[in-house]
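Report on the following structure.
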Amino acid sequence: MRIVCLLVLIGLILSSAAFGQSSVLTDDEKTLLTDRPMLRNVLESGRDVWGEAAMKQADGPSYEFFAGLIPPLRYVNAGFRQYPIVLSAPEALIKARIISNGSAVNALGNHGAWKEIGCPVTFKVGSNEVYGSDLRRLDGPHYDRGYLPVVQLAYKSGGAVYSEEAFGSVDKLLAECGTVFVRFALKEGSAGTVAAEVGSGGAVEARNGVLRDSGGNALVSFDKAWKWDEARKALVASLDKSGTAELVIFAKSPAAAGSLAESYDKQRAECARVWNALLGRAMVVETPETVVNNAWRSLIIGTYMLVKDDLMCYSNGNQYEKIYVNEGLDAIHSLLLWGYKDDSRRMILPIMDFKREGLLYHQAGLKLQMLSNYYWLTHDDAFIKEQRERWMVQVNRVIDGREKTSGLFPKEQYCGDIAQPVYSLNSNSNSWRGIRDFGAVLDEIGDKEQAKRCEDTAKEFRPVIIDAVNKSIRTDVKPPFIPMALFGEEKPYEAITATRLGGYYDLMFPLVLGSEVLGVDSELTGDMLDYVQQHGGICMGMVRVHPGGQMYQVKQGVDDLYTLRYVLTLLRRDEADLALVTFYGKLAQGMTRETFIDGESSGLVADDEFGRVMYLPPNSAANGLFLTMLRYLLVQDYDMNDDGKPETLRLFFATPRQWLEDGKTIRIEHAPTAFGEVSVVMRSKLNSGQVIAEVTAPSHAPERMLLRARVPRGWRVVGAKAGGKALSVKSGDVVDISKMTGKFTVSFEVTKQ
0 MRIVCLLVLI GLILSSAAFG QSSVLTDDEK TLLTDRPMLR NVLESGRDVW
50 GEAAMKQADG PSYEFFAGLI PPLRYVNAGF RQYPIVLSAP EALIKARIIS
100 NGSAVNALGN HGAWKEIGCP VTFKVGSNEV YGSDLRRLDG PHYDRGYLPV
150 VQLAYKSGGA VYSEEAFGSV DKLLAECGTV FVRFALKEGS AGTVAAEVGS
200 GGAVEARNGV LRDSGGNALV SFDKAWKWDE ARKALVASLD KSGTAELVIF
250 AKSPAAAGSL AESYDKQRAE CARVWNALLG RAMVVETPET VVNNAWRSLI
300 IGTYMLVKDD LMCYSNGNQY EKIYVNEGLD AIHSLLLWGY KDDSRRMILP
350 IMDFKREGLL YHQAGLKLQM LSNYYWLTHD DAFIKEQRER WMVQVNRVID
400 GREKTSGLFP KEQYCGDIAQ PVYSLNSNSN SWRGIRDFGA VLDEIGDKEQ
450 AKRCEDTAKE FRPVIIDAVN KSIRTDVKPP FIPMALFGEE KPYEAITATR
500 LGGYYDLMFP LVLGSEVLGV DSELTGDMLD YVQQHGGICM GMVRVHPGGQ
550 MYQVKQGVDD LYTLRYVLTL LRRDEADLAL VTFYGKLAQG MTRETFIDGE
600 SSGLVADDEF GRVMYLPPNS AANGLFLTML RYLLVQDYDM NDDGKPETLR
650 LFFATPRQWL EDGKTIRIEH APTAFGEVSV VMRSKLNSGQ VIAEVTAPSH
700 APERMLLRAR VPRGWRVVGA KAGGKALSVK SGDVVDISKM TGKFTVSFEV
750 TKQ
């Protein structure tokens, strides 16, 4: 009862903080949000207390349940403190940032982890108040239409409400300069003043609508509403209800800067067109939840904003503006799953060429897995053949790299941040998976000689790994502990995230699960899942991290992007509700509200009533986690017989039960799979006793194709038919549609329990 009351109170507090409503908290309410006993109990418990509570809700986990638990993500370890929003054209080399409270464009980070971008421009309104400085009077940030990267805010200062809107130009020449268009207007009030203070650090000159530094470089272009105030080093505009004031801010000086502010509306329309066109290349996904639909669109856009030409960067504007193998390939794979075949193909190549000493075996396995994933989703024989020189390096590394005595690879770094050399379960497991899967690809494209080399190695390798695990597992603790560092070099953790090494164990175990070397439904896999689920490894379905050290301000947090293979394992094992804990935990508390921005790490303890800290946002792999999860809730193409070749297609196997409430529709169209594109439109007519699915089967028939109708609790599927023939219902809500081709309709008969 105490937990229920606390949850209700938290929800009331957070809902009252909306713009235009009273949001002054009592001291007791502030204490509740920042240091309440419930949160301490959650952090100290070995189990995922909130996740387990979510599964006990009427229809299982939901966004609403998690969103009310703790304040949202908001802060970063930078001089500007409020999280930044990257603005650019797709794949642009130069990008800008607007601070999420609307206070500045290209604000200084003033921290070694952050890069400085262009010339900072700070916005002040009314009587010299920094825009957005009092979060109680701020509405936003929001995106246009809920997902387009046109940032919209409103801020109350004095007797006026000032609206602010900003977007990155997609015009080729302007995009090359990291150009941001900004518009101010009065939303409420009769008159107001806005100032744009330019922190060039030197002399500036305003002439012909352009502000230039002493070297003649254009910093800002402005319209006639602005006047230069030399004393303040600021552009100042007086606003009334009918007027607007536009600025154009450059991260790099363009060849021509004059009169650009007057093209605001044209540039805005083009920005929307370009990003919508990019989204139009993805598979179509429509769910009954607006927040989910906005999230996937926004995350695809956000990922393309982090790409620089062909480089899938981990982040932007900070020390993570570079490529990493594991994280980069996960982000690329998410785009591939959503239909971006051509872009994924070219983004793979820089990562194939990247290498990091001390992690070569780890990287080899992941690279071969990515090539295999690419092949099965595209059947692009030509690409695999063209890249022979690249993949032969990785194939030979795996085949020739094992020790004669142990049968394993030589000792390799525990992980990127832990240099300690160990016999790595991760490196061996993922290289086994890589060589097994890629051997199947080579067999498919007719390279029988190299296929046999890979297949023979995989057959020899797996028993060696399993034997090493059996020699290393600690059965004297319950559940048994399977270490990442084999042969006694890693001891069990009573609380996994109590130590730095334990925190990294929590980031690495999903990689082993994802390799499936232990067997998806095996006792060993069950042991590993039980151990992390009972020793503090999971919160809201996301893997946790050690609370300190190089995580800077992020204490007691989650590193949700590394949850990917954990949740994919749950989905593969058909543990849908557990997977939905991760899905909704990530959506509600692993990214910012309404702007869907995430970092590498997210704090769980709030800084104040307005928010929590995250580490170096945005993050392409964290984007990829949600995109990949959503795809696998809807479409699962699996190798169930463990030969490296997918043969099973499961449709709508893990959709939230509330998505099939009466009158709701779930839609996917042109979803890429290992068997070709698939489309399904499922409509709920519970009150009429039906759920109807219109299916367009893929062009290549899988051996098994299954369709599920996860109806709300309190309802059950009692029959199904297609083409006038009855279908057998298995597992309570699944029908086998393997023999069906082309377009067909499946009608589920449902009744109340």
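In numbering that gives the first Met the number 0, the protein residues as written are 0 to 752.
Cβ atoms here follow ideal geometry from the backbone N, Cα and C, with glycine treated the same way.
How big is the Cα-Cα spacing for Y82 and T647? In a straight line, the C-alpha of Y82 is about 42 Å away from that of T647.
So, at 6 Å on beta carbons, what are the nonlocal neighbours of T456 in its own chain, with the 5 sequence-adjacent residues on each side left out? I398, I434
Can the beta-carbon of A195 be found less than 8 Å from the beta-carbon of L234? yes
By DSSP, does V745 sit in helix, in strand, or in coil? strand
Quick one: grab the DSSP three-state call for V23. Because the pLDDT at V23 is just 45, under 50, the model does not fix this residue reliably, and the value given afterwards should be weighed accordingly. Three-state DSSP puts V23 in coil, outside helix and strand.
Roughly how many angstroms lie between the CA atoms of N105 and P119, to the nearest whole one? Near 5 Å, if we compare the C-alpha coordinates of P119 and N105.
For Y161, which of helix, strand or coil comes out of DSSP? Shown here, Y161 sits in a strand according to DSSP, grouped into three states.
Who does I465 pair with in a DSSP beta bridge? I465 is not bridged to any residue.
Determine, using beta carbons only, whether G198 and V124 come nearer to each other than 8 Å. Cβ distance not < 8 Å, so G198 and V124 don't count as in contact.
Using the Cα positions of V324 and G713, report the straight-line distance between them to the nearest angstrom. 45 Å
In or out: G610 buried (at least 16 other Cβ within 10 Å) or exposed? buried
Under the three-state reduction of DSSP, which class applies to E245: helix, strand or coil? strand
Would you check if the distance between the CB atom of L659 and the CB atom of R703 is smaller than 8 Å? Result no, Cβ atoms of L659 and R703 do not sit closer than 8 Å.
Let's test the definition: count the other Cβ atoms within 10 Å of the Cβ of E326 and tell me whether it reaches 16, buried, or not, exposed. With 16 or more Cβ atoms within 10 Å of its Cβ, E326 is classed as buried.
Could you compute how far the alpha carbon of R272 sits from the alpha carbon of A224? In a straight line, the C-alpha of R272 is about 28 Å away from that of A224.
At the level of alpha carbons, what is the spacing between L500 and S237? 57 Å
Could you please give me the residues that DSSP links to T664 through a beta bridge? DSSP output for T664 lists R682 as bridge partner(s).
At which residues does the beta strand (DSSP E) containing D436 begin and terminate? D436 -> not in any beta strand (DSSP E); alpha helix (DSSP H) instead, spanning 424–443.
From R96 to A250, what does the alpha carbon distance come to, in whole angstroms? Each residue's alpha carbon lies about 9 Å from the other.
I465 versus E454 - alpha carbon distance: Straight-line Cα distance between these residues: approximately 17 Å.
Coarse secondary structure for M483, derived from DSSP in three states: coil
For L147, is the beta carbon positioned less than 7 Å from some heavy atom of the ligand ATP? Annotation note on the ligand ATP: not contained in the displayed structure, which lists no ligands.
Three-state secondary structure assigned by DSSP to Y313: coil
Over the uninterrupted beta strand (DSSP E) stretch that includes H141, give me the two end residues. Per DSSP, H141 belongs to the beta strand (DSSP E) from 137–143.
Which value, in whole angstroms, describes the spacing of the CA atoms of K751 and K684? 12 Å
Would you kindly work out how many angstroms separate the C-alpha atoms of D576 and F652, rounded to a whole number? 11 Å
According to DSSP, is P712 helix, strand or coil? Here residue 712 turns out to be Arg, not Pro, going by the sequence shown. Residue state, collapsed to three classes: coil.
Which residue from I299, D264, E163, A202 puts its Cα closest to that of A103? E163
Let me make sure I understand the geometry here. Which of S687, L510, C270, V634 has the alpha-carbon closest to that of G338? V634
Runs of beta strand (DSSP E) lying entirely within the segment 367–433, each at least 3 residues, in chain order: 411–414, 417–421
Three or more C-beta pairs closer than 8 Å, one from the segment 288–304 and one from the segment 206–221: is that the case here? no
First through last residue of the alpha helix (DSSP H) which encompasses D212: Counting along the chain, no alpha helix (DSSP H) covers D212; the unbroken beta strand (DSSP E) around it starts and ends at 209–212.
List the residues that DSSP assigns as beta-bridge partners of A184. DSSP, once it has assigned bridges, lists S162, T243 as partnering A184.
Assuming G731 contacts V749 (C-beta within less than 8 Å), just tell me the rounded distance between them. About 11 Å; that fails the 8 Å criterion.
For L298, the three-state DSSP class (helix, strand or coil): helix
Stretch-stretch touch, CB-based, cutoff 8 Å, three pairs: the segment 486–503 with the segment 426–443: no
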